[in-house]
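Visitor:
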DNA sequence: AATTAATCGAGACGGTACGTCGGGTCTTATG
DNA sequence: CATAAGACCCGACGTACCGTCTCGATTAATT
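Residue numbers (the working numbering), protein chains in the order written: chain A, 5 to 205; chain B, 5 to 205; chain C, 5 to 205; chain D, 5 to 205.
Quick look at the structure:
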């Protein structure tokens, strides 16, 4: 996003150190995970990545850009699920999202999305990108359900997406901070009524 | 939360300037609205409120506390609705929430809730408080619907709350930044299918 | 100085770009003249010379070396004088030195000499070299005066040199900054009493 | 210079810490003495003075200003001499100046003067101030000599000043770097012929 | 009335991080 | 295979803000 420029650079002079980009992103995530936003420092990231600060600023405009990229790169999306039935697919998906949010970096995606929705220019279309990537999983699931005839072809998938993801996100909002170490069982107990509600059997 | 303490102070010495508290909260909101989180500084708040920094720090522990209080005080909750029918009550409520989010300070509530869910100690139970206050409106609505016999007594109100509010929040996440000036008509077009989905006619 | 090495390189590999050396020296002088010591940067010199930084560092050890060479190369010494009489020779010489100091780069010689006297190793014997070159003119003048019998053979030329050059330098120190555009007349008015003092008629 | 402003400040707000100014100047000198110009760091000065960087920058515009002030404050002038005879007064004075230059900070005065003569605005009239202060000693000496009848009343003191100080400065330029630990004897050997030259017995 | 104590506006304080920039080194592709 | 281009590491720059502190000036309640 910030770095690529063009693949076909003639590139005179010393080429950019190959590993650097990745090491910096990784260091950024680790720092963010350990210290949180408040304690997230460019100097610390550079030091941890074994890299000069200028090397970081050569690739990212500022702190926000780096953190955004780092988190977006990491939050590669929820794992696909395909259990054969719509209901259990949804339960799995919701549970996966829940687990994703338990991870500080997973939750950071939400944080950045909310920030992006505030600051007009800075964080750009971060929210849209994340939403699209996440919704794709759900569209795949519903697509298969339509093929199987479980739901009609004009099923309002997007609305389902908003309700299901929204509900999980809302739960996480009030839950996290207090505790972020739910067992699979507890997650299931929270997810099942949700799916039952949006997709009554 | 931070300020009140107790009304029955004997209070020797000069009493606190009456208007100060309010002026500071107001200034905080204005600053936050204009400059966003990044540009939100205590110095600016104090200056705008025409108050010394110590006067601010005498009342609020730190920046987070002030901003939290300011936003919580402003976001006094969604207006009650009572149209006589559950469906239109829900549509009204969702539309109100939507409008609430269009306001930068309304949206800030979400931002803080998300932050609060990250930083363990700092922002405390902000999320819970907000959720409780918002959910009360919904419980009132559903309560009346139960009395009218529109829904069974064991209706999963909390789940409805999470889905409805979650969905509106999700929409706002991907919408805002791009544009935050939806007409009532556009809001209705977004809200109706949501309510139809969670509460099929 | 730093660069030449030897002309008779067998020169395997790519030969050095012919113009580079000169362009760099010139760029160095221009930069130094425009921005002064504080604003004198290797990057700027390289950029102005249309050359990579390594091209510069291949020829000069460091910033000091480059600047030293650039200035020493330019400041090719005070023009010789030979009017036939010691007094007027001295007046001419002192006036020439004065004019030399009016030129920013001429004055830079002094600056570097002083720097050289501070930093032990870095600038090496710059001071001595400059002093020797300048004093040679004077020794020539006094040599002729001795031959003409104007002064005794054991005349303390070195002391005269120090007094005359020192006095002109001192005047320049307090003069420059204020104005560096003395007319020949003003220079004469400053020089004459000096020579009268060190060489009473 | 930078700080004074006015004695009659109404002085609202916390007054500036009294000792700070002095501690900073002292720390600056020590740092400069130990590390030289290249290693002279604002951070280090602040740390050594036990002071925040902002406290330094509140008083001095930038690095140059601080160092200038520090050196000017320290270089409080050459000690007065009064031996009863002009010649030995001059020898003493020249020797004192020599010793002053042996001290890195004493020599720094020269460096700054030369810089000041280059950069028009930055260092202001530093050269003039230094020259005036130093010349006052000499004027006192010559004044007494005139009273004693050793020299005529119209003696060109300023020219003497320029020659004597200039000569000592010139010697130091070519001497320093090599070695800056002359014994009193060596100093005397360098000074005597100088005085003999400008003031023949 | 004099004393006491809390609060006020103002702003300096010690820190810490920011994003920039320069020095000198190192790694490529180029000629 | 020496040279040239420019990315690299390092660390200082000067700025901004945090939350604390120290002033002198109010402003009641208590002596």
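All C-beta atoms in this analysis are idealised placements derived from N, C-alpha and C, irrespective of residue type, glycine included.
#1: When you check each C-beta in the stretch 24-37 of chain C against every C-beta of chain D, which residues fall closer than 8 Å?
#2: May I have the straight-line CA-CA distance separating residue 146 of chain D from residue 90 of chain D, to the nearest angstrom?
#3: Can you give me the Cβ contacts of residue 79 of chain C inside the same chain, cut-off strictly under 7 Å, excluding the 5 residues immediately before and after it?
#4: Determine whether the Cβ of residue 106 of chain A lies closer than 8 Å to any Cβ atom of chain B.
#5: Rounded to a whole number of angstroms, what is the C-alpha to C-alpha distance between residue 185 of chain A and residue 179 of chain A?
#6: Enumerate in chain order the residues of its own chain whose CB-to-CB distance from residue 116 of chain D is below 7 Å, with the five nearest sequence positions on each side excluded.
#7: For the stretch 80-97 of chain C, enumerate the residues whose C-beta is nearer than 9 Å to any C-beta of chain D, in chain order.
#8: Could you compute how far the alpha carbon of residue 138 of chain B sits from the alpha carbon of residue 59 of chain B?
#9: Restricting to Cα atoms, I'd like to know which of C/31, C/55, C/205, C/143 is closest to residue 85 of chain C.
#10: When the Cα atoms are used, what is the spatial distance from residue 7 of chain A to residue 69 of chain A?
#11: Residue 173 of chain D: buried (16+ other C-beta within 10 angstroms of its C-beta) or exposed?
#12: Residue 194 of chain C: which of C/157, C/100, C/152 sits nearest, CA to CA?
#13: Quick one: Cα of residue 154 of chain A to Cα of residue 93 of chain B, how far?
#14: Between which two residues does the alpha helix (DSSP H) containing residue 159 of chain D stretch?
#15: What does the alpha-carbon distance come out to for the pair residue 133 of chain C and residue 103 of chain C?
#16: Less than 8 Å between CB atoms is the rule here; does residue 111 of chain A satisfy it with respect to chain B?
#17: So, does the CB of residue 47 of chain D fall closer than 8 Å to a CB anywhere in chain C?
#18: Enumerate in chain order the residues of its own chain whose CB-to-CB distance from residue 205 of chain D is below 6 Å, with the five nearest sequence positions on each side excluded.
#19: Cβ closer than 8 Å: which chain D residues qualify as neighbours of residue 201 of chain C?
#20: Can you give me the Cβ contacts of residue 23 of chain B inside the same chain, cut-off strictly under 6 Å, excluding the 5 residues immediately before and after it?
#21: Beta carbon of residue 53 of chain C, beta carbon of residue 27 of chain C: below 8 Å?
#22: Let me see if you follow: with CB-CB separation under 8 Å, is residue 119 of chain B close to chain A or not?
#23: Mind checking residue 16 of chain D: buried by the 16 CB within 10 Å criterion, or exposed?
#24: For residue 198 of chain D, count the other beta carbons within 10 Å of its own beta carbon; 16 or more makes it buried, fewer makes it exposed. Which is it?
#25: Can you say whether residue 62 of chain B is buried or exposed, counting buried as having 16 or more other CB atoms within 10 angstroms of its CB?
#26: If you measure from the beta carbon of residue 192 of chain D to each beta carbon in chain C, is any gap under 8 Å?
#27: At 8 Å on the CB atoms, spell out the chain B contacts of residue 198 of chain A, in chain order.
#28: For residue 191 of chain C, collect the residues of the same chain with a Cβ closer than 8 Å to its Cβ; drop the 5 residues on either side in sequence, then sort them by chain order.
#29: Closest Cβ-Cβ distance between residue 114 of chain A and chain B: below 8 Å?
#30: Does the CB of residue 69 of chain A have a neighbour CB from chain B at under 8 Å?
#31: Compare the C-beta of residue 176 of chain A against all C-beta atoms of chain B and say whether one is closer than 8 Å.
#32: Report the option in D/97, D/96, D/189, D/122 whose CA atom is closest to the CA atom of residue 107 of chain C.
#33: At what residue ranges does the stretch 72-107 of chain B contain a whole run of the alpha helix (DSSP H), taking only runs of 4 or more?
#34: With burial defined as no fewer than 16 other Cβ atoms inside 10 Å of the residue's Cβ, what is the status of residue 149 of chain B: buried or exposed?
Guide: For this structure:
#1: none
#2: 7 Å
#3: 109, 110, 113
#4: no
#5: 10 Å
#6: 72, 75, 127, 130
#7: none
#8: 32 Å
#9: C/143
#10: Any reading at residue 7 of chain A must be qualified, since the residue scores a pLDDT of 38, below 50, and its modelled position is unreliable; the value itself is stated next. Rounded to the nearest angstrom, the two C-alpha atoms are 11 Å apart.
#11: buried
#12: C/100
#13: 31 Å
#14: Element bounds for residue 159 of chain D: n/a, residue is neither H nor E.
#15: 20 Å
#16: yes
#17: no
#18: none
#19: 160, 163, 164, 167, 202
#20: none
#21: yes
#22: yes
#23: exposed
#24: buried
#25: exposed
#26: no
#27: 163, 166, 167
#28: 99, 102, 103
#29: yes
#30: no
#31: yes
#32: D/122
#33: 90-106
#34: buried
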